[in-house]
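Asker: Take a look at this one; I'll ask things after.
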Amino acid sequence: MTVQKELSLFLLLLLLWSCQRKEEARKGKADSSAPAYGDTIVEASIGDASYLNPVLASDSASGDINGYVFNGLTKYDKNLNIVGELASSWDISLEGRQITFHLRKNVTWHDGKPFTARDVEFTYRKLVDPEVKTPYSSDFLLIEKFEILDSHTIRLTYKEPFAPALESWGMGIIPEHIFKKGDFNSHPANRSPVGTGPYKFVEWKTDQKIVLESNHRYFEGRPYIDRIVYRIIPDQSVQFLELKRGSIDMMGLTPDQYLKETQGRDFLSRFNKFRYPSFSYTYLGYNLKNPLFKNIRVRQAMAYAINKEEIIKGVLLGMGKPATGPYPPQSWAYNPDAKEYEYSPEKARRILNELGWKDSDGDGILDKDGRSFSFLILTNQGNKLRALTGEIIQANLKRVGIRAELRILEWSSFIHQYIDKREFDAVILGWALSRDPDQYSIWHSSQQGEGQYNFVSYSNPTVDELLARGRKSFDREERERIYKKIHSILAREQPYCFLYVPDALPVIHARFHGIRVAPAGIGY
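Sequential numbering from 13 applies to the sequence shown in the numbering used here.
Next comes the structure, spelled out in structure tokens:
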């Protein structure tokens, strides 16, 4: 699970160099340093997409596909600079409250219709429409006035300064002519998208595959890779078998696959693997509406009870770091002084005993007011790391008298039947994060509706106020102070038990050349 506006670093494959054409190879002219058009790349995903519509999509599988099919006005480049995409340039005035975007004039939708300012306005209207089930409205409700100056120029006036404004317009723009009729939330185009991006939609076989083909009229140039097949394989072990057989070309490795199963000469002659710190973290999130988790001290006791080092050594095989809060160590918002909870079952049990949780009937499980401390942890199918993490947490909690059952669910059902409906006790999930530290949509108390990201129902007036201040300021030092304070508060209050920041471990077939790790990883 991840935030759509934060998924600006998709592997668009525009820079991947395919193997040379057979004709060139036959004539002895193949040059591995020169790009060539053609080939198909097969990518694996543990879960199917939900909505091929960037306004509605809230899961990573949907985000991956939307990143190929749609463009925003802006994007991050490989060095994490914000640059234009559908916007060729912009002007900022009124002390940051007003942005005038100059849109590209050579852009067409995949069906040949011209892209214009009306499409941007239509996207904006949907983002702020209370009837639309989008988790991204908070960024766009800050716009006081949306003006179309001409067919390729728009002016946005914000109610107040909004520091992440440019980044927020990485949101994929949708076509007015496709969506202007019919119910937006259930529109057929949500399964058959029309975008402006480097790849065009071909087909979607539910729980099997999504197929895209290159857009030869793409405004930044035809992509070198002709076809993308996004296969749904809900198990990383099966994905790896498919990779070795040659039926998929890229996937994210597990740590044991990276260290133990990819060292042979044959594998390394066929594949290139990479390792770098991910800008993400994994967490155990509590449903704060559940009486078990309402007390901060209970959540703190559970943090003491969970052995993060055991998880990092046993699950990640050392390929990651402990998380203390909502920002990874490489973020400028990271607070190195935030509270860390050392593994201490003794402290955990003492706190719980002080709160009245005691093993009154001798069954090894704590009780209070006739209720045992028992709950269910949910996570998604196919993610071996989360399943193993859940097993360690389960054993850790048992040592202090807490019974935690673990259930693994198919991704789509997990998100739509349990997360969106708030039908869970606790979940193991992760966030892929934006480089800008604004996390209003995750932590602000106003973002608790169905489909929104504050699904644990966290509410803290101080954090609300800090989040609002942080997005108003353009002063980097002031913002750093604000977000470090948020980090500190969340570390203390533990609405999540922040578990670990994993290393990214992608592997790609060696016939695709020109892949370089940059500040944005390989996903630029």
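Glycine residues also receive a C-beta, built at the ideal position from the N, C-alpha and C atoms.
For my contact list, N302 and P205 are in at a C-beta cut-off of 8 angstroms; report their separation, rounded to the angstrom.
Answerer: Within the sequence shown, numbered from 1, the residue matching residue 302 stands at position 290. Within the sequence shown, numbered from 1, the residue matching residue 205 stands at position 193. Not a contact, Cβ separation roughly 37 angstroms.
Asker: Taking all protein chains shown into account, decide if F291 is buried (16 or more other Cβ within 10 angstroms of its Cβ) or exposed.
Answerer: Taking the first residue of the sequence shown as position 1, residue 291 is located at position 279. Burial call: buried.
Asker: Is the number of C-beta pairs between the stretch 428-435 and the stretch 449-469 that are closer than 8 angstroms three or more?
Answerer: Yes, the stretch 428-435 touches the stretch 449-469.
Asker: Measure the C-alpha to C-alpha separation of S62 and P246 and round it to an integer number of angstroms.
Answerer: Residue numbering aside, residue 62 sits at position 50 when the sequence shown is read from its first letter. Residue numbering aside, residue 246 sits at position 234 when the sequence shown is read from its first letter. Looking at the two C-alpha atoms, the distance is approximately 15 angstroms.
Asker: On a Cα-Cα basis, can you pick out the residue from G184, L154, A360 and D131 that is closest to T86?
Answerer: Counted from its first residue, the sequence shown places residue 86 at position 74. The residue with the shortest Cα to Cα distance from T86 is G184.
Asker: On the CB-based measure, 16 or more other CB atoms within 10 Å of its CB, does Y495 come out buried or exposed?
Answerer: As a position in the sequence shown, residue 495 is number 483, starting the count at 1. Burial call: buried.
Asker: Output the distance between the C-alpha atoms of N408 and V81, rounded to the nearest integer angstrom.
Answerer: To locate residue 408, count along the sequence shown from 1; it is residue 396. To locate residue 81, count along the sequence shown from 1; it is residue 69. Roughly 44 angstroms between the two C-alpha positions.
Asker: According to the neighbour-count rule (16 or more other Cβ atoms, all chains shown, within 10 Å of its Cβ), is P214 buried or exposed?
Answerer: To locate residue 214, count along the sequence shown from 1; it is residue 202. A small correction: the amino acid at residue 214 is Val; Pro does not occupy that position in the sequence shown. Flag for V214 reads exposed.
Asker: On the premise that G297 lies in contact with L95, defined as a C-beta separation below 8 angstroms, what is that separation, rounded to the nearest angstrom?
Answerer: Along the sequence shown, read from residue 1 onward, the residue named residue 95 stands at position 83. Along the sequence shown, read from residue 1 onward, the residue named residue 297 stands at position 285. It should be noted that the sequence gives Val, not Leu, for residue 95. Not quite, the Cβ-Cβ distance comes to about 34 angstroms (not below 8 angstroms), so this is no contact.
Asker: Helix, strand or coil: which one does DSSP assign to W423?
Answerer: Within the sequence shown, the letter at position 411 stands for residue 423. Helix.
Asker: Take L418 as the anchor and find which of G442, N392 and I427 has the nearest alpha-carbon.
Answerer: Residue 418 sits at position 406 when you count from the first residue of the sequence shown. It is N392 whose Cα lies nearest to the Cα of L418.
Asker: Confirm, please, whether the CB-CB distance from L154 to Y136 is below 8 angstroms.
Answerer: By 1-based counting over the sequence shown, the position of residue 136 is 124. By 1-based counting over the sequence shown, the position of residue 154 is 142. Cβ distance not < 8 angstroms, so Y136 and L154 don't count as in contact.
Asker: Assign Y211 to one of two classes, buried (16 or more other C-beta atoms within 10 Å of its C-beta) or exposed (fewer than that).
Answerer: For the purposes of this step, residue 211 is taken as residue 199 along the sequence shown, with counting starting at 1. Per the 10 Å Cβ criterion, buried.
Asker: Going along the chain, which unbroken runs of the alpha helix (DSSP H) with 4 or more residues stay wholly within the stretch 129-211?
Answerer: Runs of the alpha helix (DSSP H) inside the stretch 129-211: 129-139, 149-152, 177-180 and 188-191.
Asker: Can you tell me whether A317 is helix, strand or coil according to DSSP?
Answerer: Here the question's residue 317 lines up with position 305 in the sequence shown. Three-state result, A317: helix.
Asker: Quick check: the stretch 511-519 against the stretch 346-357, are at least 3 beta-carbon pairs closer than 8 angstroms?
Answerer: Touching, no.
Asker: Per DSSP, which residues does Q110 bridge with? Please list them.
Answerer: Counted from its first residue, the sequence shown places residue 110 at position 98. Answer is S105 and T169.
Asker: Does the Cβ-Cβ distance between L436 and N307 come in under 8 angstroms?
Answerer: What you label residue 436 is simply residue 424 of the sequence shown in a count that begins at 1. What you label residue 307 is simply residue 295 of the sequence shown in a count that begins at 1. Reading off the sequence shown, one finds Phe at residue 436, where the question assumed Leu. No.
Asker: Check this for me: beta carbons of L367 and V310, under 8 angstroms apart or not?
Answerer: As a position in the sequence shown, residue 367 is number 355, starting the count at 1. As a position in the sequence shown, residue 310 is number 298, starting the count at 1. Yes, Cβ-Cβ distance for L367 and V310 is below 8 angstroms.
Asker: For the stretch 69-95, which segments carrying the beta strand (DSSP E) assignment without a break, of at least 3 residues, lie completely within its bounds, in sequence order?
Answerer: Taking only runs of at least 3 residues, the beta strand (DSSP E) segments lying wholly in the stretch 69-95 are 86-88.
Asker: Is T128 buried or exposed, if buried means 16 or more other CB atoms sit within 10 Å of its CB?
Answerer: As a position in the sequence shown, residue 128 is number 116, starting the count at 1. T128 comes out buried.
Asker: CA-CA distance, T14 and A317?
Answerer: For the purposes of this step, residue 14 is identified with residue 2 of the sequence shown, where counting begins at 1. For the purposes of this step, residue 317 is identified with residue 305 of the sequence shown, where counting begins at 1. Note that T14 scores 39 on pLDDT, short of 50, meaning its location in the model is unreliable and no value can be drawn from it.
Asker: For the stretch 309-368, which segments carrying the beta strand (DSSP E) assignment without a break, of at least 3 residues, lie completely within its bounds, in sequence order?
Answerer: With a minimum length of 3 residues, the continuous beta strand (DSSP E) runs that stay inside the stretch 309-368 are 332-334.
Asker: Hey, is E159 close to the ligand MN, as in C-beta under 7 angstroms from one of its heavy atoms?
Answerer: Although the ligand MN was asked about, the structure shown includes no ligands whatsoever.
Asker: Taking the continuous alpha helix (DSSP H) assigned at R239, which residues delimit it?
Answerer: In the sequence shown, residue 239 corresponds to position 227, counting from 1. Not the alpha helix (DSSP H): R239 falls in the beta strand (DSSP E), residues I237 to I244.
Asker: In the structure shown, what three-state DSSP assignment does R38 receive?
Answerer: On the sequence shown, position 26 is the one that residue 38 refers to. Because the pLDDT of R38 is 36, which lies under 50, any placement of that residue in the model is unreliable, and the number read from its coordinates should be weighed accordingly. Helix at R38.
Asker: Quick one: what does DSSP say S446 is sitting in, helix, strand or coil?
Answerer: Taking the first residue of the sequence shown as 1, we reach residue 446 at position 434. Here S446 sits in coil by DSSP.
Asker: DSSP three-state label for V475, please.
Answerer: Translated into positions along the sequence shown, residue 475 becomes position 463. V475: helix per DSSP, three-state reduction.
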